[in-house]
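With the numbering used here applied, the sequence shown has no gaps in its numbers, which climb one by one up to 1507 at the end.
In what follows, a structure is listed as structure tokens, so that the remarks can point back to it.
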Amino acid sequence: MTVALTAGILVAGAVYLFLQREMLRVILGFILLGNAANLVLLAAGGTARRGEPFGTPADPSTIADPLPQAFVLTAIVIAFSLTIFMLVLAVTGDNDDDTSDGTEPEDDDETVEDVGVHPDEVLAAERGITS
């Protein structure tokens, strides 16, 4: 019961963080959701039916099932690598986006109002085409 309640609280926290605007909070929500999934996988291994991970060698039915533990270990490694990948994307995406700070992007191109001549007319003049 406590494992299910803990997993439910982690999922609720993850959903709350997913609904936030900042990328870091979304990544933290992903981490919480991964931890909740790991708890559910570990609980599916039957912690109430079995004892310690290393039971008595005389009775193999008391030894915990290693398959859910292997799944959780694999899930931890995959979640860690995806978290690092998302953090790298968030950091690099933050650096090249001019809209995140609310300022206008710098535009070095001249507009028609600045020059007074349409770009097509400039190309035609360069190619020697008269209209």
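Backbone N, C-alpha and C define an ideal beta-carbon position, used for all residues, glycine too.
Beta carbon of residue i nearer than 9 Å to that of residue j
i, j, result
"residue 1399", "residue 1466", "yes"
"residue 1404", "residue 1444", "no"
"residue 1469", "residue 1441", "no"
"residue 1379", "residue 1419", "yes"
"residue 1451", "residue 1414", "yes"
Cβ-based burial, residue i [other Cβ within 10 Å; buried from 16]
i, result
"residue 1383", "buried"
"residue 1393", "buried"
Cutoff 9 Å: residue i Cβ touching any chain D Cβ
i, result
"residue 1451", "Considering every chain present, this structure includes no chain D. It has just one protein chain."
Cβ pair count under 8 Å reaching 3, the stretch 1409–1419 against the stretch 1382–1397: Judged by Cβ distances under 8 Å, the stretch 1409–1419 makes contact with the stretch 1382–1397, as three or more pairs qualify.
Any alpha helix (DSSP H) of 4 or more consecutive residues that is wholly inside the stretch 1440–1464: none
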